[in-house]
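**Student:**
Residue numbers (my numbering): 68 to 151.
1) Report yes if the C-beta distance between residue 125 and residue 112 is below 8 angstroms; otherwise report no.
2) Over what stretch of residues does the alpha helix (DSSP H) that includes residue 117 continue unbroken?
3) Helix, strand or coil, according to DSSP, for residue 75 in the structure here?
4) Which residue marks the beginning of the alpha helix (DSSP H) containing residue 132, and which one marks its end?
5) Taking the straight line between their C-alpha atoms, what separation do you get for residue 109 and residue 79?
And the structure:
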């Protein structure tokens, strides 16, 4: 990060230097926001896969999907049997 002396030096170089600095900082901020969005998308995809897998398991074992999902929110989740 830049300290006060760096900012004063850029300001003394003129308007073009200040504009260039602002553009560079905005680009860095944009990169950071893109990384955050990508991380959030990955977390969302992982959650989606877990939920889809849960629903698939409920269906394969003959359970009621909507009832199983409701059970998750009231503290009574569907527990799959461990039959071979």
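Glycine residues also receive a C-beta, built at the ideal position from the N, C-alpha and C atoms. Model, not experiment: these values are computed from the prediction.
**Tutor:** Quick look at the numbers:
1) Taking the first residue of the chain shown as position 1, residue 125 is located at position 58. Taking the first residue of the chain shown as position 1, residue 112 is located at position 45. No, Cβ-Cβ distance for residue 125 and residue 112 is not below 8 angstroms.
2) To locate residue 117, count along the chain shown from 1; it is residue 50. Segment 82 to 127, the alpha helix (DSSP H) holding residue 117.
3) What you label residue 75 is simply residue 8 of the chain shown in a count that begins at 1. Correct three-state label for residue 75: helix.
4) Position 65 of the chain shown, counted from the start, is the residue given in the question as residue 132. Per DSSP, residue 132 belongs to the alpha helix (DSSP H) from 132 to 140.
5) The residue you call residue 109 lines up with position 42 of the chain shown. The residue you call residue 79 lines up with position 12 of the chain shown. Approximately 44 angstroms between the Cα atoms of the pair.
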